[in-house]
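A.B. asks: Input: one structure, supplied below.
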Amino acid sequence: MLAPGVTPGLQVRATLSAAVLAALESVRDPELDEPVTSLGFVTSATVSAAGEATVRLRLPTYFCAPNFAFLMAADAHDATAAVPGVRSVQVVLEDHFAAAAINGGVAAGEGFASTFEGEAAGELHQLRAGFLRKAVLAGTDQVCRPLLAAGARSGRLRELTLGQVPRSPALDRLRRRRAELGLPAGDDAPLLIDPQTGAAVRPEAVPLHLRKARVTRVGMEANAGICRGMLRHRYGTQGQGESTAVAEEDM
Amino acid sequence: MYEKNGEKYFVVDSHMHYWNAAPDNWVPGHEQYAKGWIECFHAYQGLGPPQTHWPIEHFQKYSEDDLMKDVFTDGHVDVAIFQPTYLKEWYKEGFNTTERNATMGERHPGKFVYNTRWDPRDGDEGLAMLRANAERYGSKGVKLYTAEWNNGSRGWKLTDPGAYRYLEACQQLGIRNVHVHKGPTIWPLDKDAFDVSDVDHVATDFPDLNFIVEHVGLPRIEDFCFMATQEPNVYAGLAVVIGGLMHARPRFFAKVMGELLFWVGEDKMTFGSDYAIWEPKWQVEGLVDWEMPAGEEFADYPKLGTEGKKKILGLNAAKLYGIDVPAEYQLREAGTPGAHEVLAGQPEEHAVSGE
């Protein structure tokens, strides 16, 4: 209980809004494998005195792929609803050709297929898993490149387990992505695995595996760069929780 | 043509447009899509240098004189290849049809190549139209949008039986260059429309045709790169790569170029400005000046020299389209081959022999 006289309503609401924003950090653009917050996709996240949360999302273009837009809006809804103190959630995707359908579908808790009845045949789990596999491959490059730069030979990487690799944010992230897919992610799991099957990469396949990991990462990062540039052109304002550090890195 | 430091570059812009996206061409009831589409294109222009940005009104509809000045007078282009985009559900007379392009281009003999389009779902009628267009406009290439929605059909694949009829017709009609749009798209809603595996199949089945993957499958360049490594008749169309990254994201541009030079090679990369999204001038000048940056991240990418830039800016496309290139623009020596020449025929696992 708060002491009387400190305008508890405002304080609680500010804290709750911050908690919602923090929760939104777990929502990723599946294609770019980055949080919607750091990408600048969150216009605002507010919570009323009655615990009604409103999350407004924006995207780089009017025609951004509706499948990914739906996933992000639905994930944002779920992440916000899980914040203690939030009683109801409204997610509003702004300025998008399919905004009405997506907002309605997410509010009704419908799946993608029924939201776009007649225009889409299936749910998006497979699509999401496919991109998660790409994220695993890209993450492999993030973990391996510093090791190679420090003098490790590519053949040696194959012998390493996750537990033998020095801790880093990139390694933690790779483990989380692997775990999400049900791929081996424990200390004794090999560093280099086939993101489809989870099997260890065979010795002769290591150089090509690493090359593929790198081109996958380059493609994802270049795409994120394009998305950031277009978002900036479209809105010219910072999103809530937007990371400028990442955006400036490449300037 | 463009000349810098005594080197002469013959420039073929292999991917450009002459569109009308102004309100007078919007289909009633679908205005929001017509407006949204051109605003989306306009946002891409924002990735180019600020002094090349246009006001939206000008971007919606530019004149013949604007195009001739931007592309030829100022833009260094010798020959430009029109790639049509129909979008008739939103734009009354289409966004930029073969006919619109050719009507304008015919006033400037020798400057343009008129590509046309087809969609296997148009059946016999579409085949007849393809033949008519090939005859009337002398089309040597087509632009295809496999993700396009059509009467309830959710996109198509080059491997569909209907598409094979059209590919066979292309062979008969002397249409050798198939530009496939594998890049940012909208429909079908629930699939990943960037999938390039269909290109892989038809490239094998139609070895006499060339398949130019426009926008190199961005954002899935990895899928495109693996595929292109296996197929000698698959090319990387650089529209969007140069325009969207070279100025806005120079380090990513270098990495994407490095990957393409490694997997595909400079003999199989073609310049396209994507005009009027971006003007060719700064792209041509920028690519000629461009060098792979120094630093460990870039160290094992192939370098791109003057000869390679000449190929990418014009000589490769000139070869594909049978465009005569004066002797002064020809190469003096061969460039560096790409991975697929070096690795041709080797099983995938052994394809790269070490770092």
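As given, the protein sequences belong to chains A and B, one line each in that order.
Using this note's numbering, the first residue of the first sequence is number 846, and each one after it goes up by one.
Using this note's numbering, the first residue of the second sequence is number 15, and each one after it goes up by one.
Cβ coordinates follow ideal geometry from the N, Cα and C atoms, glycine included.
(1) Indicate the three-state DSSP secondary structure (helix, strand or coil) for LEU259(B) in the structure shown.
(2) Could you please give the first and the last residue of the uninterrupted beta strand (DSSP E) stretch that includes ILE226(B)?
(3) What does DSSP give as the partner residue(s) for THR130(B) in the beta ladder?
(4) Leaving out five residues on either side along the sequence, give the residues of the same chain with a beta carbon under 7 Å from the beta carbon of ALA1038(A).
(5) Answer yes or no: do TYR335(B) and LYS154(B) have a C-beta to C-beta separation smaller than 9 Å?
(6) With H, G and I counted as helix, E and B as strand and the rest as coil, what does DSSP make of SER1088(A)?
(7) Based on the DSSP secondary-structure assignment, which residues constitute the bridge partners of MET306(B)?
(8) Are there 16 or more other CB atoms within 10 angstroms of the CB of THR860(A), so buried, or fewer, so exposed?
(9) Taking PHE240(B) as the query, report the chain A residues whose CB atoms sit under 9 Å from its CB, ordered along the chain.
(10) What is the rounded straight-line gap between the Cα of CYS7(B) and the Cα of ARG1056(A)?
(11) Establish whether the CB of TRP170(B) and some CB of chain A are separated by less than 9 Å.
(12) With 16 as the cutoff for other CB atoms within 10 Å, does LYS106(B) come out buried or exposed?
(13) Is there a C-beta anywhere in chain B that falls below 9 Å from the one on HIS922(A)?
(14) Consider the Cβ of ILE189(B): report whether some Cβ of chain A lies at a distance smaller than 9 Å.
(15) Would you identify the three-state DSSP class for ALA848(A), choosing helix, strand or coil?
(16) What in chain A is Cβ-close to TYR249(B), meaning under 8 Å?
(17) Using the Cα positions of PRO175(B) and ALA994(A), report the straight-line distance between them to the nearest angstrom.
(18) Hey, GLY119(B) and PHE109(B) are a contact pair by Cβ (cut 8 Å); roughly how many whole angstroms apart?
(19) Can the beta-carbon of HIS29(B) be found closer than 9 Å to that of ASP288(B)?
(20) Taking C-beta pairs closer than 7 Å, name the residues in chain A that LYS317(B) reaches, listed in chain order.
(21) So which of GLU293(B), GLU305(B), GLY319(B) has the shortest CA-CA distance to PRO63(B)?
(22) Are GLY930(A) and VAL857(A) touching if we call contact CB-CB under 9 Å?
(23) Give the straight-line distance between the Cα atoms of ALA890(A) and VAL937(A), rounded to the nearest whole angstrom.
(24) When the cut-off is 9 Å and only beta carbons count, does GLN46(B) lie next to chain A?
(25) If you run the structure through DSSP and keep just helix, strand and coil, what is ASP119(B)?
(26) Shorter than 9 Å from the beta carbon of GLU879(A) to some beta carbon of chain B?
(27) Find the residues of chain B that neighbour GLY984(A), judging by a C-beta separation of less than 9 Å, and give them in chain order.
(28) Only counting the same chain, and skipping five residues up and downstream in sequence, which positions put a Cβ closer than 8 Å to that of LYS269(B)?
(29) For ARG978(A) versus MET917(A), is the C-beta distance shorter than 9 Å?
(30) Can you tell me whether DSSP reads ILE326(B) as helix, strand or coil?
(31) When the distance is taken between beta carbons, is THR906(A) closer than 9 Å to THR1018(A)?
(32) Assign THR882(A) to buried or exposed, taking buried as 16 or more other Cβ atoms, counted over all protein chains shown, within 10 Å of its Cβ.
(33) Pop quiz: ARG263(B) and PRO307(B) are said to be a contact at Cβ under 8 Å. What is the actual Cβ separation, rounded to whole angstroms?
(34) Give the DSSP-derived three-state secondary structure of GLU363(B) in the structure shown.
(35) Give the interface partners of PRO233(B) over in chain A, defined as CB-CB distance under 9 Å, in chain order.
(36) Closer than 6 Å by C-beta to HIS31(B): which residues in its own chain qualify, once you throw out the five before and the five after it? Chain order, please.
C.D. replies: On the basis of the data shown:
(1) Residue state, collapsed to three classes: helix.
(2) Where ILE226(B) is concerned, the enclosing beta strand (DSSP E) stretches over 224 to 228.
(3) THR130(B) pairs with VAL156(B).
(4) One point to set straight first is that residue 1038(A) is Ile, not Ala, in the sequence displayed. Annotation for ILE1038(A): LEU1028, PRO1029, ALA1044, ALA1045, VAL1046 place their beta carbon closer than 7 Å to its own, counting only its chain and skipping 5 residues before and after.
(5) Inclusion of TYR335(B) and LYS154(B) in the CB contact set at 9 Å is warranted, their separation being smaller than that value.
(6) Here SER1088(A) carries a coil assignment [DSSP, helix/strand/coil].
(7) Residue pairing of MET306(B) in beta bridges, as defined by DSSP: absent, with no partner found.
(8) With fewer than 16 Cβ atoms within 10 Å of its Cβ, THR860(A) is classed as exposed.
(9) Within chain A, the residues whose beta carbon sits less than 9 Å from that of PHE240(B) are LYS1057, VAL1060, listed in sequence order.
(10) The displayed coordinates of chain B run from 15 to 369. Any statement about residue 7(B) would go beyond what the structure contains.
(11) Not closer than 9 Å to any Cβ of chain A, the Cβ of TRP170(B) fails to qualify, so no.
(12) By the neighbour-count rule (16 or more Cβ atoms within 10 Å), LYS106(B) is not buried but exposed.
(13) Closer than 9 Å: no.
(14) No, ILE189(B) lies away from the interface with chain A (no Cβ there is under 9 Å from its Cβ).
(15) With a pLDDT of only 47 at ALA848(A), under the threshold of 50, the placement of this residue in the model should not be trusted; the figure read from the coordinates follows. The answer is coil: DSSP assigns ALA848(A) none of H, G, I, E or B.
(16) Those do not exist, as TYR249(B) stays about 17 Å from chain A at its closest Cβ, beyond 8 Å.
(17) Our two residues, PRO175(B) and ALA994(A), have alpha carbons roughly 49 Å apart in a direct line.
(18) Between PHE109(B) and GLY119(B) the Cβ distance is about 16 Å, and since that is not below 8 Å, they are no contact.
(19) In contact: HIS29(B) and ASP288(B) (Cβ atoms closer than 9 Å).
(20) Correct list: empty, because the minimum Cβ distance to chain A is about 17 Å.
(21) Nearest C-alpha to PRO63(B) among GLU293(B), GLU305(B), GLY319(B): GLU293(B).
(22) Cβ distance < 9 Å, so GLY930(A) and VAL857(A) count as in contact.
(23) Spanning the two alpha carbons is a distance of roughly 10 Å.
(24) Answer yes: the Cβ-Cβ gap between GLN46(B) and chain A drops below 9 Å somewhere.
(25) Inspection of the sequence shows that residue 119(B) is occupied by Gly rather than by Asp. Correct three-state label for GLY119(B): helix.
(26) It does not; no Cβ of chain B falls within 9 Å.
(27) Taking the beta carbon of GLY984(A) as reference, no residue of chain B falls within 9 Å; the closest one sits roughly 14 Å away.
(28) The beta carbon of LYS269(B) is closer than 8 Å to those of GLU311, PHE312, TYR315 in its chain, skipping five residues each way along the sequence.
(29) Not in contact: ARG978(A) and MET917(A) (Cβ atoms no closer than 9 Å).
(30) Helix.
(31) Per the sequence presented here, residue 1018(A) reads as Arg, with Thr not at that position. Cβ distance not < 9 Å, so ARG1018(A) and THR906(A) don't count as in contact.
(32) Buried, since its Cβ has 16 or more Cβ neighbours within 10 Å.
(33) Contact between ARG263(B) and PRO307(B) does not hold, since their C-beta atoms are separated by about 12 Å, which reaches or exceeds 8 Å.
(34) With a pLDDT of only 40 at GLU363(B), under 50, the local geometry of the prediction cannot be trusted, and no value is derived from it.
(35) Under the 9 Å cutoff, chain A gives GLU876, LEU877, GLY1064, MET1065, ALA1067, ASN1068, ALA1069, ILE1071, CYS1072.
(36) Excluding residues within five positions, the ones whose Cβ falls inside 6 Å are ASN110.
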